[in-house]
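S.K.: When we follow the UniProt record's numbering, the leftmost residue of the sequence shown carries the number 1, and every step to the right adds one.
All residues carry an ideal CB built from backbone N, CA and C; glycine is no exception.
Keep in mind that this is a model prediction, so the values were computed, not measured.
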Amino acid sequence: MKFTKKEWIVFGIVCLIGIFANLDKSMIGFTADKLISTYGFTKAEMGNLSSVFYVSFILVTIPGGWLVDRFGYKKFVVVSLSILMVFSFLFGNVSGLLAILFLRFLVGFGQAGYTNGAPKIISDNFAPEQCAKVQSIVIATAGIGGILASTVGQSIINVNWHYAYYMLAAGYLLALVLVIIFLKDKKVANTEVKEKTQPAEKVGFFDAWKNKNTLLLAVAVLFSNLVGVAMMFWLPNVFHVNFDIENPAMLSTIMVGFYVIMTIATAISGSVITKYFKGKEQKFIFWLSIITAICIVVFIAAPVYQVAIAALYVSDFTMMLAFSALLSIPYQIVPRKIIGSAFAVLNIGAFVGGIISPQLVSAFAKEDSYFSSFIVLAVCMIISGAATLLVKKPEEIK
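1) Rounded to the nearest angstrom, what separates Thr61 and Ser369 at their Cα positions?
2) Mind checking Thr292: buried by the 16 CB within 10 Å criterion, or exposed?
3) Do three or more CB pairs link the stretch 92-99 to the stretch 314-321 at distances below 8 Å?
4) Could you round the C-beta distance between Val345 and Ala218 to whole angstroms and report it? I think they count as a contact, below 8 Å.
5) Check each candidate in Leu49, Leu16 and Ala21 and name the one with the smallest Cα separation from Ala32.
6) Distance check for Ser362 and Val238, CA to CA, integer angstroms please.
7) Which residues mark the beginning and the end of the alpha helix (DSSP H) in which Gly385 is found?
8) Take Asn22 as the anchor and find which of Tyr114, Val10 and Trp66 has the nearest alpha-carbon.
9) Exposed or buried, what is Asn211 when buried is set at 16 or more other beta-carbons lying within 10 Å of its beta-carbon?
10) Helix, strand or coil for Gly366, going by three-state DSSP, please let me know.
11) What number of angstroms, rounded off, separates the C-alpha of Val241 from the C-alpha of Asn116?
12) In whole angstroms, what is the alpha-carbon distance linking Ala249 and Phe30?
13) In angstroms, rounded to a whole number, what distance separates the CA positions of Ala132 and Asn125?
14) Would you identify the three-state DSSP class for Ile13, choosing helix, strand or coil?
15) Got a sec, what are the start and stop residues for the alpha helix (DSSP H) Asn93 sits in?
16) Who are the Cβ neighbours of Ser384 in its own chain at under 6 Å, not counting the five residues just before and after it?
17) Grouping DSSP H, G and I as helix and E and B as strand, with all else coil, what is Lys196?
18) Distance check for Val10 and Phe182, CA to CA, integer angstroms please.
19) Checking 7 Å against the spacing of the C-beta atoms, do Gly228 and Ser136 come in under that value?
20) Quick one: what's got a C-beta closer than 6 Å to Ala200's C-beta in the same chain, skipping five residues either side?
21) Exposed or buried, Asp24, counting other C-beta atoms within 10 Å across all chains shown (16 or more means buried)?
22) By the 10 Å Cβ neighbour count, where 16 or more other Cβ atoms means buried, how is Ala127 classified, buried or exposed?
23) From the DSSP output, in three-state form, read off Glu246 for me.
24) Given this structure, state the Cα-to-Cα distance separating Val272 from Lys280, to the nearest angstrom.
25) Which first and last residues belong to the alpha helix (DSSP H) in which Asp316 is found?
26) When burial is assigned at 16 or more other CB atoms within 10 Å of the CB, is Ser80 buried or exposed?
27) What are the uninterrupted segments assigned as alpha helix (DSSP H) that are 4 or more residues long and contained completely in the stretch 23-90, given in chain order?
28) Please classify Asn211: does DSSP put it in a helix, a strand, or coil?
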């Protein structure tokens, strides 16, 4: 990618925030596993830990995308990072269940601010043909955050889980300083005569909600993210329960592999889609979703450990390719003036999936097996792919 110096700075800042945000999301799975063994919390209680996080996401996201489109992204991101810094630090100071749940709820407010601001930052600072590639690399920070969570994060959590959140708060402080210094809202230049003589069209609060394609993509993202959140949140415990893996080093190695593959898949997705599947994204997503579903079933049912891990990694790769492709579609079919609002709708779908995910898994899980839970996840992946096929591109709409 060829960027100007200013674009590289923006790109670097967005990726840095993404790394810390995703380190936070991935580390909570190891934290939950630690809390279960340390304090005796149940799986259902730890499922609530994830659910309350996504509830606060939705509360911010409902007006968030519209606010970003209407007033710019810098203030929104500054406030979100400040919230993340303060409440991550406080999260590291508690041990009671209610306090843990409440502070995780508040952390969700900050995460939502970044998630809603990032698409607008990308749209405003990069050329249309660059957006998909930039978006894919920003999504790849999920894998980088996961790798850090599975190595540095897990090591710190094993020593004292509180320290891990002090580290996280320091990372958010660094990102906040960089945003304040370097990030600026882009002022739209009135280069066309029409734009000079007429006031800019205002963005309506419900404009994105009236767009059928946006709603269909939100459904697809909901079921896709439901599966992704379940994998990241429950895998450490699944390996304990279904595969009798108690060695922290072995678990760390498996999870690092999972996140490395996630990083590779998301990082290359923009180039793969642009070069080989341009105009065929929907079918690409559908078939990847089918492959992912099959591999999820093989993973949880395989009698041989090596086959299970291989299936897990393939499902991880195809799932993240499909998810990245899903998030590239709005840049092609949604008007730029509502891009922030459109991604807010998609994010709400993702967050609803995040809320449902841990509860769904824990509801079908048995004391000694997650088999039924993962069959349900496979079905959810198929629904995601099917919903994508219903999206109509502008030239198809009569």
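M.R.: In terms of the structure at hand:
1) 35 Å
2) buried
3) no
4) 5 Å
5) Leu49
6) Each residue's Cα considered, the two are about 11 Å apart.
7) Phe371 to Leu389
8) Tyr114
9) buried
10) The sequence given here places Lys at residue 366; Gly does not occur at that position. Lys366 sits in a strand when the DSSP states are folded into three classes.
11) Distance between the alpha carbons of Val241 and Asn116: 36 Å.
12) 13 Å
13) 13 Å
14) helix
15) Where Asn93 is concerned, there is no enclosing alpha helix (DSSP H), given that its DSSP letter is neither H nor E.
16) Ala220, Phe223, Ser224 and Ser289
17) Below a pLDDT of 50, predicted positions are generally treated as unreliable, and Lys196, at 44, falls in that range; no measurement from the model is reported.
18) One alpha carbon belongs to Phe182, the other to Val10, and they sit about 8 Å apart.
19) no
20) Confidence at Ala200 is low in this model, with a pLDDT of 48, below 50, so the placement of that residue is unreliable and no value is reported for it.
21) buried
22) Exposed: under 16 other Cβ atoms inside 10 Å.
23) Correct three-state label for Glu246: coil.
24) 12 Å
25) For Asp316, the uninterrupted alpha helix (DSSP H) segment begins and ends at Tyr305 to Ser328.
26) Ser80 counts as buried, since at least 16 other C-beta atoms from the protein chains shown sit within 10 angstroms of its C-beta.
27) 43-71
28) coil
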